[in-house]
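To get our numbering, take the position in the first sequence, counting from 1, and add 471.
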Amino acid sequence: MTRSVVRTRFAPSPTGYIHIGSVRTAFFNWLYARKHQGTYVLRIDDTDQQRNVAEALAPILHGFRWLGLNWDEGAEVGGPYGPYYQSQKQPQYQDAVRAIVDKGLAYWDYATEEEMKTERQAAEQAKRQFQYSRRWIAESAADRSRFEAEGRRGVVRLKMPREGKCVFDDHVRGRVEVDWAQEADHVIQRSDGSALYNLANVVDDFDMKITHVMRSAEHLSNTPRQIFMAQALGYPLPEYAHFPVVAEPGSKNKLSKRKIADYLKHPDFRKLYEHGERIAKTLGMATTPDTFNPVIVDFYEQVGYLPEAILNYIVLLGWSLDDKTEFLTVRELTEAFSLDRVNKSPASFDAKKLFAFQERYMSLKPLEEKVELTRPFIKRAGLGDRKLAEVVAAAADRIKVAGDILDYEGFFVSADQVVYDEAAFEKRLRVPPEAPGLLKKFAAVLVSVAPYEAPQIEKALQDFVQVEGIGHAQIIHALRIAVTGKAVGFGLFESLAILGREECLSRIERALARLS
RNA sequence: GGCCCCAUCGUCUAGCGGUUAGGACGUGACCCUCUCAAGGCCAAAACACGGGUUCGAUUCCCGUUGGGGCUACCA
472 MTRSVVRTRF APSPTGYIHI GSVRTAFFNW LYARKHQGTY VLRIDDTDQQ
522 RNVAEALAPI LHGFRWLGLN WDEGAEVGGP YGPYYQSQKQ PQYQDAVRAI
572 VDKGLAYWDY ATEEEMKTER QAAEQAKRQF QYSRRWIAES AADRSRFEAE
622 GRRGVVRLKM PREGKCVFDD HVRGRVEVDW AQEADHVIQR SDGSALYNLA
672 NVVDDFDMKI THVMRSAEHL SNTPRQIFMA QALGYPLPEY AHFPVVAEPG
722 SKNKLSKRKI ADYLKHPDFR KLYEHGERIA KTLGMATTPD TFNPVIVDFY
772 EQVGYLPEAI LNYIVLLGWS LDDKTEFLTV RELTEAFSLD RVNKSPASFD
822 AKKLFAFQER YMSLKPLEEK VELTRPFIKR AGLGDRKLAE VVAAAADRIK
872 VAGDILDYEG FFVSADQVVY DEAAFEKRLR VPPEAPGLLK KFAAVLVSVA
922 PYEAPQIEKA LQDFVQVEGI GHAQIIHALR IAVTGKAVGF GLFESLAILG
972 REECLSRIER ALARLS
């Protein structure tokens with residue numbers, strides 16, 4: 472037995488976005504390659520020619536780079552076994568198709584779509600498995616010209632065995648056996664001469680010397696026909712691992728980008744979405760489901776999630792280390808990951824838990840890093856970042872995602888731009904009759920606080936409360952609204968100190984002015 | 001319809017014949033507290049069902065039920 476070097480791959484098709492389930496599959500492939508000091512290939516499955524590849528590919532490559540899932544060979548970086556774009560390999564595929572036909576393991580077929588459909592429906596009505604009659608098979612060049620003379624267009628179909636079994640071992644499913652008769656004569660070459668996914672896939676995996684084909688369980692049923700082709704072509708078989716699909720919140724259906732409207736009915740998913748939406752709106756970003764959707768990775772980048780949090784959460788969808796370890800860095804995962812601890816059943820996407828990982832990773836970030844993480848959001852909102860470090864420090868764990876810095880927008884604007892929470896303003900400033908008077912008096916106290924820092928301000932307020940014979944609540948809430956416009960926020964004394972004396976005084980003045 | 005697969009708290013999971021069925025997220029109570037977070041502490045919460053096998057089944061086998069994937073000239 473020869474021990475081959477591990478080569479894994481992930482092969483997105485250029486759709487313009489990365490599905491969160493794809494991240495999981497790509498990450499498993501990446502981890503496996505890294506763990507075994509192997510090679511991770513990013514190949515582009517663009518056999519379906521209709522789309523603008525370059526444009527649709529950019530966001531995908533960007534997303535993987537953002538996540539840190541770098542590839543050793545493939546799109547943009549090249550490598551010794553290219554091309555890494557299926558659209559550039561049609562000649563190779565056609566050679567392979569010809570070889571399979573020559574061996575008698577595939578045939579030219581001239582059935583029209585309607586004829587196939589009729590057969591298929593007949594089978595379904597008879598409650599039998601569909602098996603093509605091979606009635607329009609062309610066994611010779613003469614047959615082909617005859618069919619073509621009728622105006623028919625030929626495709627190439629696999630001539631699947633109709634007895635025996637296909638048996639293979641899968642690292643997560645175990646031994647898989649399926650009757651060959653179960654397999655349809657799938658088309659491997661379209662009538663326009665272009666190759667289909669299954670064929671291209673087999674040729675590419677061979678050309679790129681992929682040793683481990685690891686993909687989502689949706690592809691499990693593609694495996695027998697791929698094995699059939701590989702054998703027909705005399706290729707060695709790779710090892711297989713089929714991961715369970717990532718399912719919807721609250722169900723076992725495959726998570727799908729298009730069903731966002733349904734997911735939004737799920738409270739937890741909705742909360743995650745709305746949190747992001749608030750940030751996006753503040754920035755004036757478009758929030759169409761194509762670009763702003765928690766099923767798609769971009770969403771998380773746009774609102775300031777941490778790649779390591781996403782990766783850590785996502786790896787746990789179908790894999791676990793043991794009965795208690797959940798927080799693992801990418802480095803630790805690279806050590807710990809193994810195929811034999813991958814589950815067989817689908818795992819639902821849980822927005823709450825993802826968010827919990829995000830909170831945790833964010834809270835671990837040193838202050839300076841958090842500042843740099845939040846700075847782009849302040850800039851994009853068109854705000855000045857002079858007080859950023861102080862605000863980030865004071866906000867501490869309240870900043871869960873980088874975009875949350877925008878909750879403290881009020882610290883980056885001037886007094887006349889403060890936006891008030893009207894309900895709170897009413898409750899704390901208009902309703903209590905003593906509020907304006909107390910505010911005015913306390914403003915006078917603030918004038919002489921020195922130095923103008925949190926502990927001194929707090930001391931001044933304690934004294935003030937004593938002298939006036941009032942409760943803390945009577946002044947604190949009113950003051951918070953007057954100065955920040957909001958009912959909630961981090962420590963009041965820190966807030967006052969960060970704003971500075973002059974700013975506080977003018978904000979109090981403005982709030983008082985609104986009362987009359 | 002056909003084929004294949006899956007099944008432990010609401011969710012992610014540990015468990016690989018004998019456990020008070022463990023952890024995490026979330027939820028609830030309490031503590032802390034100038035609000036909001038964070039933190040601390042406690043609690044509630046699961047082996048889908050029916051047959052076997054076995055001294056003993058969450059665990060092994062069969063069936064039922066439920067769920068999922070595939071069934072394209074998509075990938």
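Idealized CB from N, CA, C, for every residue including glycine.
Residue i classed as buried or exposed, judged by whether at least 16 other C-beta atoms fall within 10 angstroms
i	result
THR759	exposed
THR496	buried
THR473	Confidence is the limiting factor: at THR473 the pLDDT is only 44, short of 50, which leaves the residue's position unreliable, though a coordinate-based value still follows. Burial call: exposed.
LEU528	buried
LYS871	buried
PHE677	buried
SER493	buried
SER966	buried
ARG951	buried
ASN669	buried
ASP675	buried
LYS841	buried
ASP580	buried
PHE601	exposed
TYR578	buried
For residue i, three-class secondary structure by DSSP
i	result
ARG644	coil
ARG1014	Nothing in the structure corresponds to residue 1014, since the chain is present only between 472 and 987.
SER687	strand
ARG514	coil
THR496	helix
MET472	Interpretation of MET472 is limited by its pLDDT of 41, a score under 50 that renders its predicted location unreliable; no figure is taken from the coordinates.
LYS930	helix
TYR711	strand
VAL884	coil
THR479	strand
GLY545	strand
ILE946	helix
LEU528	helix
TYR552	coil
TYR923	coil
ALA852	coil
ILE941	coil
VAL658	strand
TYR668	helix
PHE639	strand
LEU976	helix
VAL959	coil
LEU629	strand
HIS737	coil
VAL433	An answer regarding residue 433 cannot be provided, because it is not within the stretch 472 to 987 covered by the chain.
ALA703	helix
LYS728	helix
ALA577	strand
Beta-carbon proximity of residue i to residue j, cut-off 8 Å
i	j	result
ARG480	ARG505	no
ASP516	VAL524	no
PHE714	MET685	yes
THR418	PRO709	Any property of residue 418 remains undetermined from this structure, which presents the chain solely from 472 to 987.
LEU877	ALA949	no
ALA958	ILE979	no
ILE849	PHE798	no
VAL766	ILE750	no
VAL626	SER662	yes
ALA688	LYS742	no
ILE491	VAL768	yes
TYR891	GLY962	no
GLU590	SER604	yes
ASN783	PHE828	yes
ARG990	ALA886	Limits of the chain in this structure are 472 at one end and 987 at the other, which puts residue 990 out of reach.
PHE909	GLN937	Reading off the sequence shown, one finds Leu at residue 909, where the question assumed Phe. No.
LYS728	ALA718	no
GLY789	ALA818	yes
TRP607	GLU586	yes
GLN660	VAL568	yes
GLU772	TRP537	yes
VAL512	GLU547	no
Continuous alpha helix (DSSP H) assignments of at least 4 residues falling wholly in the region 581 to 626:
Listed in chain order, the complete alpha helix (DSSP H) runs (minimum 4 residues) inside the region 581 to 626 are 584 to 596 and 612 to 620.
Run through the region 759 to 836 for me and flag every whole beta strand (DSSP E) of 3 or more residues, listed as ranges in chain order.
Listed in chain order, nothing qualifies, since the region 759 to 836 has no complete beta strand (DSSP E) run of 3 or more residues.
Would you call the region 792 to 807 in contact with the region 549 to 566, where contact means no fewer than 3 C-beta pairs closer than 8 Å?
no
Check whether the region 627 to 638 and the region 647 to 661 are in contact - that is, three or more C-beta pairs closer than 8 Å.
yes
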